[in-house]
Each structure stands twice: as C-alpha cells, then as structure tokens.
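J.: Handing you a structure now.
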Amino acid sequence: MSINKLALRKQNALRAVSKALREAREWQSAQIDAKGEQEPRLSTNLVCAHRDDTVVIHTDGAWKEETLLAGLGWTFHRQVPHSSSLSWLDQGTQSEQYVSLPLMAEAFAIRLALTQAQIRGLSNICLYSDSQILIGAINSSKPIKELFGILQDIASFILLFHSIEFRHVARSQNHVTDSLAKMAIGIISDVCP
C-alpha cells in the first residue's frame with residue numbers, strides 16, 4: 001500500500017474520530033440539559049472496586065523521539081464473579097505520527113481505550129496506566145499545557161460512563177499493554193522509516 005493511501009486512510013480515520021467526539025460532546029450536553037447535572041461516580045479509592053460488571057482496562061503508549069512515532073495499546077478484562085481473577089475480553093493497538101512527547105502517547109492510549117469502551121457500550125470501567133503524572137492530572141483535573149486538548153477529550157468521556165476510575169499501575173504490571181504499544185510502534189516504523 002502506498003504512503004499516500006496510508007495517509008489518506010489516517011486522515012479519514014481522524015475525521016471520523018473527531019466527528020464522533022464532537023457528537024459525543026453534543027449528546028453529553030443534551031443529556032445534562034435533559035436530566036439536570038449528571039456526574040458519574042469517579043472513585044478516589046486506591047484500588048478499583050471490581051464489581052461483576054466492571055471492565056478493567058490497561059493502557060500504554062510507546063514513543064520514538066527520533067521519528068515522533070507513537071504506538072498505543074489497550075486491553076479489556078472482566079472481573080470473574082466471586083473471584084479475584086480477570087478474564088480477557090479484547091485488546092487493540094494503534095499507531096500515531098507526529099507525537100511530540102512520551103506523555104502525549106500515554107494520553108492518546110487512554111483516549112483510544114475510552115473510545116473503544118464507549119463503542120462497546122461499557123458503563124463501568126476501571127482504567128490503569130503506568131503514567132503516574134497523567135493519572136494524577138486526570139484525577140485532579142489539573143491541566144498539563146501540552147496535553148490540554150487530549151485531557152479535555154478524556155474529561156468529556158467521563159460523563160459517558162456510569163462509573164469510571166483512573167488508577168496508576170506499576171510498569172512491571174503493565175507488560176502486556178507495553179508489548180502491544182511497542183508492537184504498534186514497530187509496525188508504523190516499518191511503513192514510515
């Protein structure tokens with residue numbers, strides 16, 4: 001496939017995501033207007049309260065400074081009833097070009113996972129990332145100048161879920177999504193050297 005076709009496919013995908021986010025914001029505003037102020041339950045516990053219907057999401061972003069390429073990875077798991085184990089549901093990757101910071105790759109991965117959760121109609125999620133700075137910014141609503149737009153997108157998703165938690169996870173416990181993100185960056189590196 002030619003680079004022009006890949007670029008056109010990416011532009012079409014970006015337009016579709018932008019349209020979906022815009023429509024989600026409009027829908028979100030209509031829901032608030034129709035029902036009054038509606039806030040999701042945003043937990044502040046240190047550990048997610050994994051109910052039977054909670055989907056556990058892990059995200060990670062990989063970044064190559066010399067090429068400004070990023071790989072994004074996510075996994076979905078569901079709590080096994082009456083157990084502390086999780087069962088695998090789904091996973092995915094995506095590549096991004098022109099990503100200027102590693103923290104931006106992490107934020108893109110979270111936004112992608114939230115988009116996928118919304119598409120699947122999930123209502124109770126607990127999202128883990130190994131980026132302590134990013135999780136802190138999301139939970140405290142303190143903006144990071146370089147990530148303002150992405151953090152706004154993430155904030156707009158919060159209202160679309162019944163309950164949502166954002167938690168930090170040690171890098172050593174995030175190895176599956178780390179591998180997915182690195183695989184995604186490897187694929188785009190082969191196409192766009």
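Under the UniProt record's numbering, the first residue of the sequence shown carries the number 1, and numbering increases by one thereafter.
Built from N, CA and C at the ideal position, the CB exists for glycine as well.
When the Cα atoms are used, what is the spatial distance from Ser179 to Asp60?
T.: 9 Å
J.: Do you know how far the Cα of Gln152 is from the Cα of Ile144?
T.: Computed Cα separation, rounded: 10 Å.
J.: Can you name the start and end residues of the beta strand (DSSP E) that Arg111 belongs to?
T.: Segment 102-119 is the alpha helix (DSSP H) holding Arg111; no beta strand (DSSP E) there.
J.: Go ahead and pull the three-state DSSP assignment for Glu165.
T.: strand
J.: Helix, strand or coil for Ile144 per DSSP?
T.: coil
J.: Does DSSP put Asp90 in a helix, a strand or coil?
T.: strand
J.: Using 8 Å as the cut-off, can you tell me whether the segment 84-99 makes contact with the segment 154-165, which would need three or more C-beta pairs spanning the two stretches below that distance?
T.: Below 8 Å, too few C-beta pairs join the segment 84-99 and the segment 154-165 to call them touching: fewer than three.
J.: Could you check the C-alpha separation between Ser123 and Ile164 for me, to the nearest Å?
T.: Whole-angstrom Cα-Cα distance: 8 Å.
J.: What's the call for Gln79, buried or exposed, on a 16-neighbour Cβ count within 10 Å?
T.: Classification of Gln79: buried, given that the 10 Å Cβ count is 16 or more.
J.: Asn174: which of Leu69, Thr115, Gln132, Thr67 sits nearest, CA to CA?
T.: Gln132
J.: Using the DSSP secondary-structure output, state which residues sit across from Ser95 in a beta bridge.
T.: Gly71
J.: With distance defined between alpha-carbon atoms, name the residue in Pro81, Gln94, Glu65 nearest to Thr177.
T.: Gln94
J.: Nearest-angstrom Cα distance between Ala184 and Thr75?
T.: 14 Å
J.: Have a look at Ser43 and Gly73 and give me their C-alpha separation to the nearest angstrom.
T.: Its pLDDT being 39, under 50, Ser43 is placed unreliably by the model, and nothing is read from it.
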